[in-house]
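Some notes on the structure that comes next.
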Amino acid sequence: DTAVSQTPKYLVTQMGNDKSIKCEQNLGHDTMYWYKQDSKKFLKIMFSYNNKELIINETVPNRFSPKSPDKAHLNLHINSLELGDSAVYFCASSQDLVIDYGYTFGSGTRLTVV
Amino acid sequence: DQQVKQNSPSLSVQEGRISILNCDYTNSMFDYFLWYKKYPAEGPTFLISISSIKDKNEDGRFTVFLNKSAKHLSLHIVPSQPGDSAVYFCAASRGRVNAGGTSYGKLTFGQGTILTVHP
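Going line by line, the protein sequences match chains S and V.
Quick note on numbering: our numbering labels position 109 of the first sequence as 1565, and the sequence is numbered without any gaps.
Quick note on numbering: our numbering labels position 112 of the second sequence as 782, and the sequence is numbered without any gaps.
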C-alpha cells in the first residue's frame, strides 16, 4: 500500500494545454509538498500545505496552482503549459512542520511538454 | 544560485569498501542537514540527518560528518553493498521547523551523486 502516491506517472502533452497531477498520502501526515526536479537534477520546492493551508509558495509562475481538498491530498494544476515546464514533479509529505525525519516522497510524475 | 552542491556527479566503489559522498553548502544560516537515497523510478527516501550542534551522526552502516567551518558534509557508507547503488541527495535547512512564509524549515537539495557499488 503506497504511502505517497502520484498520478499519472508519465504525462506527455502539448504546449498550451492545462493538466493536473494528483497526490495522495495515507500516512496521516499534516504537511504536504510539491517539488520540481529540473534538468540539472536539483530538487526545488514549489509549494507546501499544512492541514490544507498554504504555507510555502515559492517563486513559481501563477500558471501553477496547488489545491488541497483535505490534508491527505495535494493536487497540482498547471495552466497553459510551456516547454520549460518539462520536469519530474515530486509530491511529498511529512508528519508535521518539523523536518527531523525528512519527507516521504512519491515516485514522481515525469511531465513532457511538446 | 545553488546553495547546496554535490560536485561529484558519480562515484564507483567496490563492494565491501567505503563510499564517501560529499556535499558543500554556501548559506551559513543552514543548521540542519539530511541525506536522501533515490532508486530509479522511485521518490527519494530519507536516510540520515544531522544538526549543526553535532559533527557526526551514525546509523548502522551510514555516518554523516559535518564540518561547519568548511561548510561541508559527507556521508560515509561502510561497508558498501550493491544494494546501496542509487542517487544520493544531500539537503540543508535553516531550522528544523517549517515556519511558513519564511526560509525556516525549507529543504534545499543538491543535485545528487550517482553511487555504483560493484560486486
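Glycine included, every Cβ here is placed at the ideal spot set by N, Cα and C.
These numbers come from a predicted model, not from an experiment.
*Applying the criterion that 16 or more other CB atoms from any shown protein chain within 10 Å of the CB defines a buried residue, is S/Y1557 buried or exposed?*
For S/Y1557, the number of other beta carbons within 10 angstroms of its own is below 16, and it is reported as exposed.
*Can you find a CB in chain S that lies within less than 9 Å of the CB of V/F779?*
Residue contact check for V/F779 against chain S: a CB pair falls below 9 Å.
*Residue from S/I1534, S/I1512 and S/K1478 whose Cα sits closest to the Cα of S/G1472*: Considering only S/I1534, S/I1512 and S/K1478, the residue with the shortest C-alpha distance to S/G1472 is S/I1534.
*Name the residue from S/I1511, S/L1553 and S/T1515 whose alpha carbon lies nearest to the alpha carbon of S/K1500.*
When only C-alpha atoms are compared, the closest one is S/T1515.
*Sort S/Q1493, S/L1510 and S/S1461 by Cα distance to S/Y1545 and report the nearest one.*
Nearest of S/Q1493, S/L1510 and S/S1461 to S/Y1545, Cα basis: S/Q1493.
*asked:* Cutting at 7 Å between CB atoms, please list the residues of its own chain near S/N1513, excluding the five before and the five after it.
replied: If the five residues before and after S/N1513 are omitted, its C-beta is found closer than 7 Å to the C-beta atoms of F1503, all from its own chain and listed in chain order.
*State buried or exposed for S/Q1470, treating a residue as buried only when at least 16 other CB atoms are found within 10 Å of its CB.*
S/Q1470 comes out exposed.
*Look up S/P1525 in the DSSP assignment and give the residues it is bridged to.*
Beta-bridge partners of S/P1525 (DSSP): none assigned.
*Based on Cα-Cα distance, which residue from V/E728, V/S739, V/D701 and V/S744 lies nearest to V/Y758?*
Of V/E728, V/S739, V/D701 and V/S744, the residue nearest in Cα terms is V/S744.
_Residue from V/Q684, V/T715, V/L785 and V/F779 with nearest C-alpha to V/F700_ = Selected option, being the one with the closest Cα: V/F779.
*asked:* For S/R1519 and S/I1477, what's the separation of their Cα atoms in angstroms?
replied: Going by C-alpha positions, S/R1519 is about 14 Å away from S/I1477.
_Beta carbon proximity, V/R731 to chain S, threshold 9 Å_ = With 9 Å as the cut-off, V/R731 does not count as an interface residue toward chain S.
*Look up S/L1537 in the DSSP assignment and say whether it is helix, strand or coil.*
If DSSP states are grouped into helix, strand and coil, S/L1537 belongs with coil.
*Can you grab the Cα-Cα spacing for the pair V/G730 / S/S1495, in whole Å?*
Each residue's Cα considered, the two are about 33 Å apart.
*Do we get a CB-CB distance below 9 Å when we pair V/F700 with the residues of chain S?*
For V/F700, the answer is no, since every Cβ of chain S falls outside 9 Å of its Cβ.
*Where V/Q672 meets chain S, residues with beta-carbon distance less than 9 Å*: Within 9 Å Cβ-Cβ: K1496 and F1498.
_Beta-carbon proximity check, V/P714 vs V/T783, cutoff 9 Å_ = Not in contact: V/P714 and V/T783 (Cβ atoms no closer than 9 Å).
_Contacts of S/D1557 in chain V (Cβ-Cβ under 7 Å)_ = In the sequence as presented, Asp is not what sits at residue 1557 of chain S; that position holds Tyr. Within chain V, the residues near S/Y1557 are F716.
_Applying the 10 Å Cβ sphere with the 16-neighbour rule, what's the burial state of V/P710?_
Answer is exposed; the Cβ neighbour count stays below 16.
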